[in-house]
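The sequence shown begins at 240 in our numbering and counts up one residue at a time.
In this text, a Cβ means the ideal position worked out from N, Cα and C, and glycines have one as well.
Bear in mind the structure is a predicted one, so any value in this text is a computation, not a measurement.
Accompanying notes for the structure given below.
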Amino acid sequence: MLRFSRTVIQLKDNPAYLSALADALPETARIATAWPSVLMGFDFHLTSEGPKLIEINNNAGGLYIGDDRWLPQTEIPELHGSLEQRLVDMFHSDWKTIAIMDEDVTRQFMYPEMQAYAQLLGSRGRRVMVVSPEDLQADAHGLSCDGAHIDAIYNRHTDFYLEGADVAHIRRAYEQQQVVLNPHPRSYALVGDKTRMVDWWRDGLLDACIDQERVTLIRAVTPITRRMQDVDLSQAWSERRQWVFKPAARHGGKGVLLGKSMSRKRFDGLDVADTIMQQLVPPSEIDIGGGRMKLDIRLYMHGETLIALAGRVWRGQVTNFRQPGSGWVPLRVDG
240 MLRFSRTVIQ LKDNPAYLSA LADALPETAR IATAWPSVLM GFDFHLTSEG
290 PKLIEINNNA GGLYIGDDRW LPQTEIPELH GSLEQRLVDM FHSDWKTIAI
340 MDEDVTRQFM YPEMQAYAQL LGSRGRRVMV VSPEDLQADA HGLSCDGAHI
390 DAIYNRHTDF YLEGADVAHI RRAYEQQQVV LNPHPRSYAL VGDKTRMVDW
440 WRDGLLDACI DQERVTLIRA VTPITRRMQD VDLSQAWSER RQWVFKPAAR
490 HGGKGVLLGK SMSRKRFDGL DVADTIMQQL VPPSEIDIGG GRMKLDIRLY
540 MHGETLIALA GRVWRGQVTN FRQPGSGWVP LRVDG
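Below is the structure:
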């Protein structure tokens, strides 16, 4: 999983890959970045054929578990020092004043986690505010909050390309290089966007960018992924049990539909232009407390550096934390 994640992250600096995607990149994703995106989350199911990628998250959460505690981490050579120090080190020392931003931030499920990051960074000498977009004011020098100039935004907002009216002032400041945004639009466009998994299965695209060994690795881990508009719809319907249907522009399991449980009416109502089809890979299963639960694995990355590992356990069709006993779990790696 780590070798796959590093191989994919290396693509964002590959000239041939950048050239192949040039026409697909939104304006904000064309802005070059000097610092890796914080906490890119690579989610996998474990199978008899090895790990299979489910999704790449551009602003992955889940490491804070409440009561001033972070998810315990296994002791392996790839994880250096404490989790808290690894998290702090992702934020460049030049970023003295940081805004942690999300839409309507105090109503977010992850608001306590954002507060925990603020406290952690604050304890290391940073000035940190947890804000909604409207809390940031535009001025001649960029963005400010409560009179303090903002050096960087830890972006938990899911408008990854800054296309909404509520973040227009943030987009202007970012385009004028008056503020650092991280995770940034470029990481989402080149790695996190689900349509990249479609590209990795396009004939010749990866082959023109990297050697065959890495092409084989990426395709061995990435389930076959197609855009719905590129396939025969009657065939897609007849083979629906083999596929998962996902909105290309959403994340975290939102809008995900299993073909095996989809009605014809629901199938016909899908937005063909904005839906991808991914080969169904059933999740792993484990016994917890005498009950059988589903499991997936998340690697949290900062560039090619592994920051943390986490498992998610749940019951149901798609990942959710509604059932008793579900949630984030620590992992132990032996050997």
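Check, Outcome
"I think residue 552 touches residue 525, with their Cβ atoms under 8 Å apart; what is that distance to the nearest whole Å?", "7 Å"
"Let me know the secondary structure DSSP gives residue 249 once reduced to three states.", "helix"
"Tell me whether residue 461 is buried or exposed, calling it buried when 16 or more other Cβ atoms sit within 10 Å of its Cβ.", "buried"
"Within its chain, find whatever has a CB closer than 7 Å to the CB of residue 445; leave out the 5 residues flanking it on each side and keep chain order.", "439, 454 and 457"
"Straight-line CA distance for residue 491 to residue 296?", "Below a pLDDT of 50, predicted positions are generally treated as unreliable, and residue 491, at 47, falls in that range; no measurement from the model is reported."
"Tell me, which residues are paired with residue 544 by DSSP?", "541"
"Could you please give the first and the last residue of the uninterrupted alpha helix (DSSP H) stretch that includes residue 354?", "350-361"
"Residue 428 and residue 254 - do their beta-carbons sit closer together than 8 Å?", "no"
"Let me know if residue 288 comes out buried or exposed under the rule of 16 or more other beta-carbons within 10 Å of its beta-carbon.", "exposed"
"In whole angstroms, what separates the C-alpha of residue 310 from that of residue 329?", "17 Å"
"Going by C-alpha to C-alpha distance, which of 469, 504 and 515 sits closest to residue 434?", "515"
"Could you give the residue range of the beta strand (DSSP E) that holds residue 397?", "No beta strand (DSSP E) holds residue 397; DSSP gives it neither H nor E."
"Whole angstroms is fine: what's the gap from residue 506's alpha carbon to residue 478's?", "12 Å"
"Tell me, please, which residues DSSP counts as bridged to residue 188.", "Since the first residue shown for the chain is 240 and the last is 574, residue 188 is missing from the structure and cannot be characterised."
"Which residues mark the beginning and the end of the beta strand (DSSP E) in which residue 254 is found?", "First-last for residue 254: 254-260, but that is the alpha helix (DSSP H), not the beta strand (DSSP E)."
"Please report the straight-line C-alpha distance between residue 411 and residue 521, rounded to a whole angstrom.", "43 Å"
"Can you grab the Cα-Cα spacing for the pair residue 436 / residue 464, in whole Å?", "6 Å"
"Which residues does DSSP list as the beta-bridge partners of residue 297?", "DSSP, once it has assigned bridges, lists no residue as partnering residue 297."
"For residue 577, which option in 375, 242 and 539 has the closest C-alpha, if you only look at C-alpha atoms?", "Beyond the ends of the chain as shown, which are 240 and 574, falls residue 577; an answer cannot be given."
"Using beta-carbon positions only, say whether residue 546 and residue 425 come within less than 8 Å of one another.", "no"
"Can you confirm whether the stretch 466-474 touches the stretch 493-505 when touching is taken to mean that 3 or more C-beta pairs between the two stretches lie within less than 8 Å?", "no"
"Would DSSP call residue 491 helix, strand or coil?", "Only weak support exists for where residue 491 lies, its pLDDT of 47 falling under 50; the value from the coordinates is given anyway. Of the three classes helix, strand and coil, the one that applies to residue 491 here is coil, per DSSP."
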